[in-house]
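Protein chains in written order, with the numbering used here: chain R, 1 to 199; chain C, 1 to 199.
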Amino acid sequence: MHISEGILSAPVLITGVSLTATAVGYGLKKMDYKQMPKVAILSSVFFVASLIHVPLGPSSVHLILNGVTGVLLGWSAFPAILVALALQGVLFQFGGITTLGVNTFNMALPAIICFYLFNRGVRSENNFIVLILAFVCGFLAVLLSGVMVAAALVFTGEPFIQAAKLVIIAHLPVMILEGVLTAFCIGFLRKVRPEILNV
Amino acid sequence: MKNKPYLILIFIFLIIIMMDVSAFAHKVNIFAYVDGDKVYTESYFNDGKKCVDSKIEVFDNQGNKLLEGLTDEDGMFSFEIPSEDVIDGGLKVVLTASMGHRAEYIIPANELRGVTGLIKEKIEERVSAVSPEVYLLDLKEIQSIIENTLDEKLKPIIGEMREIKKSQEDWISPTEIIGGIGYIIGIFGIIAYFLSRKK
Numbered sequence: 001m002h003i004s005e006g007i008l009s010a011p012v013l014i015t016g017v018s019l020t021a022t023a024v025g026y027g028l029k030k031m032d033y034k035q036m037p038k039v040a041i042l043s044s045v046f047f048v049a050s051l052i053h054v055p056l057g058p059s060s061v062h063l064i065l066n067g068v069t070g071v072l073l074g075w076s077a078f079p080a081i082l083v084a085l086a087l088q089g090v091l092f093q094f095g096g097i098t099t100l101g102v103n104t105f106n107m108a109l110p111a112i113i114c115f116y117l118f119n120r121g122v123r124s125e126n127n128f129i130v131l132i133l134a135f136v137c138g139f140l141a142v143l144l145s146g147v148m149v150a151a152a153l154v155f156t157g158e159p160f161i162q163a164a165k166l167v168i169i170a171h172l173p174v175m176i177l178e179g180v181l182t183a184f185c186i187g188f189l190r191k192v193r194p195e196i197l198n199v
Numbered sequence: 001m002k003n004k005p006y007l008i009l010i011f012i013f014l015i016i017i018m019m020d021v022s023a024f025a026h027k028v029n030i031f032a033y034v035d036g037d038k039v040y041t042e043s044y045f046n047d048g049k050k051c052v053d054s055k056i057e058v059f060d061n062q063g064n065k066l067l068e069g070l071t072d073e074d075g076m077f078s079f080e081i082p083s084e085d086v087i088d089g090g091l092k093v094v095l096t097a098s099m100g101h102r103a104e105y106i107i108p109a110n111e112l113r114g115v116t117g118l119i120k121e122k123i124e125e126r127v128s129a130v131s132p133e134v135y136l137l138d139l140k141e142i143q144s145i146i147e148n149t150l151d152e153k154l155k156p157i158i159g160e161m162r163e164i165k166k167s168q169e170d171w172i173s174p175t176e177i178i179g180g181i182g183y184i185i186g187i188f189g190i191i192a193y194f195l196s197r198k199k
């Protein structure tokens, strides 16, 4: 879901950069330095996740893990994802430097949305509810990212419905896999280290 | 508190072990080579999936579009080298695949000329210098014999070089991954330092 350099028009890129800058600033302001290790670890996980290719479906796709990043980090997800994407761009040539703003926003906004939607839910007492909500969280984050990528591409002349369909169908296996992974991850953390779930 | 980072580090290393580093990445590649008077291009995602029905555009070094076309089901697209007066420098081949992926490949001028221009010029020069018409046939015959033999002998070597060039582009080394994680920890370490000084 990394949009490459040279695809998007200047207004889209600039909007992406300014929105991301604002959100990252807010994220940093809200971030407590005691949370830093957690943010760094999840940023690393996000960084590595894009190397895990999902060999299902019609196109070439990989894990994203923005759902679990969002629900564990809240607003700190913005700096975490920005750093991870910047390094992916520099080291692996995924996406690019000019598209960093747009790509960060596309991945991190769904993470924040998932945080607000599922923040309470995944900390509930009922084990079953937690797992279901975690699954939906992982699933929805990728879905929303797909919609946002499609929205960014609209300005390049691709019709929205067509672009969205393509992105979402390609990512359907990823959505399901991420749902399962998020459920597994939250379930595991809940048993082993419940304090990590507190934002 | 003691073994929390420890557990998550194990999780990250499990992820690293799980993937086959060289193949799983997420960007598109385009690779072009000259053979005879045609340019052949191959387009594929890093995991080896071919880009089907993707748009290929060819530009000269001034940025004028010369031609465009779609890749076939093997991700291949070929076109004849435009005549000499159109291409002054190299050619730029741009691939636009679905979901905001884009890649380009520049064919340097000497590679193109080697095939179309220079050789012909050289023969003609030599011929006119020697002048008697008898030589003309002989020289051309010899030329074509040499070319054919060379083509045949060099074919496996050229093929191998293509593979090497390709794999170099695709390769993501473990050093880069570990290095990237190192950067992330470092960056958040610095942020943590400044945040902790403020408070």
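Cβ coordinates follow ideal geometry from the N, Cα and C atoms, glycine included.
- Message: Our contact map puts L51 of chain R next to I158 of chain C with C-beta atoms below 8 Å; I'd like the distance itself, whole angstroms only.
- Response: About 31 Å separates the two Cβ atoms, so there is no contact after all.
- chain R partners of K165 of chain C, CB-CB under 7 Å? Correct list: empty, because the minimum Cβ distance to chain R is about 16 Å.
- Query: Since L28 of chain R contacts F105 of chain R with CB under 8 Å, what's their CB separation in whole angstroms?
  - Reply: Going by Cβ atoms, the distance from L28 of chain R to F105 of chain R rounds to 16 Å, so no, they are not a contact pair.
- Query: Under a CB-based cut-off of 8 Å, is S44 of chain R close to chain D?
  - Reply: Going by chain labels, chain D is absent from the structure shown, which instead holds the protein chains R and C.
- Item | 8 Å Cβ cutoff, A192 of chain C in contact with chain R | Against chain R, the CB of A192 of chain C has a partner CB under 8 Å away; the residue lies at that interface.
- Task: With 8 Å as the threshold, decide whether the Cβ of S102 of chain C is near any Cβ in chain R.
- Result: Going by the sequence as given, residue 102 of chain C is Arg instead of Ser. Output row for R102 of chain C: interface = yes.
- Take K27 of chain C and list the residues in its own chain whose beta-carbon comes closer than 8 Å to its own, dropping the five residues that flank it on each side. Hits under 8 Å: F45, N46, H101 and A103.
- Query: Start and end of the alpha helix (DSSP H) containing N29 of chain C?
  - Reply: In the DSSP annotation of this structure, N29 of chain C is not part of any alpha helix (DSSP H); the continuous beta strand (DSSP E) holding it starts and ends at V28 to D35.
- Item | Start and end residues, beta strand (DSSP E) containing T71 of chain C | Unbroken run through T71 of chain C: none, as it is neither H nor E.
- Alpha carbon to alpha carbon, what distance is there between L189 of chain R and D72 of chain C? Approximately 47 Å between the Cα atoms of the pair.
- Just the chain R side, please: which residues come within less than 9 Å of S196 of chain C by C-beta, in chain order? Under the 9 Å cutoff, chain R gives Y33, K34 and M36.
- Shortest alpha-carbon distance to I186 of chain R belongs to which of R:T156, R:V147, R:A164 and R:R123? Out of R:T156, R:V147, R:A164 and R:R123, R:R123 has the C-alpha closest to the C-alpha of I186 of chain R.
- Task: Could you work out which residues of chain C lie near L166 of chain R, taking near to mean beta carbons separated by less than 7 Å?
- Result: Neighbours of L166 of chain R on chain C, chain order: S98 and M99.
- Give me the Cα-Cα distance between P174 of chain C and L91 of chain R, rounded to the nearest whole angstrom. Here the alpha carbon of P174 of chain C sits roughly 11 Å from the alpha carbon of L91 of chain R.
- Message: Residues of chain R with CB closer than 7 Å to the CB of Y183 of chain C, please, in chain order.
- Response: Here the neighbours are L87.
- Query: What three-state label does DSSP hand E42 of chain C in the structure shown?
  - Reply: Strand at E42 of chain C.
- By Cβ distance below 6 Å, which residues in the same chain neighbour F118 of chain R in space, the five residues on each side in sequence not counted? So the list reads V71, L133 and C137, once near-sequence residues are dropped.
- Item | Endpoints, the beta strand (DSSP E) within which K55 of chain C is located | Looking at the DSSP string, the run of the beta strand (DSSP E) that includes K55 of chain C is K55 to D60.
- How about E5 of chain R: is its C-beta nearer than 8 Å to some C-beta of chain C? Chain C contact via Cβ: present.
- Task: Evaluate contact between the region 142-160 of chain C and the region 72-80 of chain R, counting only Cβ atoms and requiring at least three cross-stretch pairs below 8 Å.
- Result: Proximity of the region 142-160 of chain C to the region 72-80 of chain R falls short of the contact definition, fewer than three beta-carbon pairs being nearer than 8 Å.
- Provide the residue span of the alpha helix (DSSP H) that contains S43 of chain R, from first to last. From DSSP, the alpha helix (DSSP H) with S43 of chain R extends over M36 to A49.
- Proximity winner among R:Q35, R:T98, R:V130 and R:L144, relative to N198 of chain R (alpha-carbon distances): N198 of chain R has its Cα closest to that of R:Q35, out of R:Q35, R:T98, R:V130 and R:L144.
- Message: Counting only C-beta atoms, is F45 of chain C closer than 8 Å to chain R at any point?
- Response: Yes - at least one Cβ of chain R is within 8 Å of the one on F45 of chain C.
- Using a Cβ cut-off of 8 Å (strictly closer), state whether G155 of chain C contacts chain R. For clarity, residue 155 of chain C is Lys in the given sequence; the question names Gly instead. K155 of chain C does not count as touching chain R.
- Task: Check whether the Cβ of K27 of chain C lies closer than 8 Å to any Cβ atom in chain R.
- Result: K27 of chain C counts as touching chain R.
- Query: Does any C-beta atom of chain C lie closer than 8 Å to the C-beta of A84 of chain R?
  - Reply: Closer than 8 Å: yes.
- Task: Within its chain, find whatever has a CB closer than 6 Å to the CB of F77 of chain C; leave out the 5 residues flanking it on each side and keep chain order.
- Result: Excluding sequence neighbours, F77 of chain C sits near T41, I56, G69 and T71.
- Query: Who pairs with I106 of chain C in a beta bridge, going by DSSP?
  - Reply: Partner(s): C:K92.
- Taking one C-beta from the region 99-113 of chain R and one from the region 136-156 of chain R each time, how about it: are there three or more such pairs within less than 8 Å? These segments touch.
- Closest by C-alpha distance to D37 of chain C, when choosing among C:F59, C:E163 and C:S83: Nearest C-alpha to D37 of chain C among C:F59, C:E163 and C:S83: C:S83.
- Are E195 of chain R and T99 of chain R closer than 8 Å when you measure CB to CB? Cβ atoms of E195 of chain R and T99 of chain R: not closer than 8 Å.
- Message: Starting from S78 of chain C, trace the beta strand (DSSP E) in both directions and tell me its first and last residue.
- Response: Element bounds for S78 of chain C: M76 to E80.
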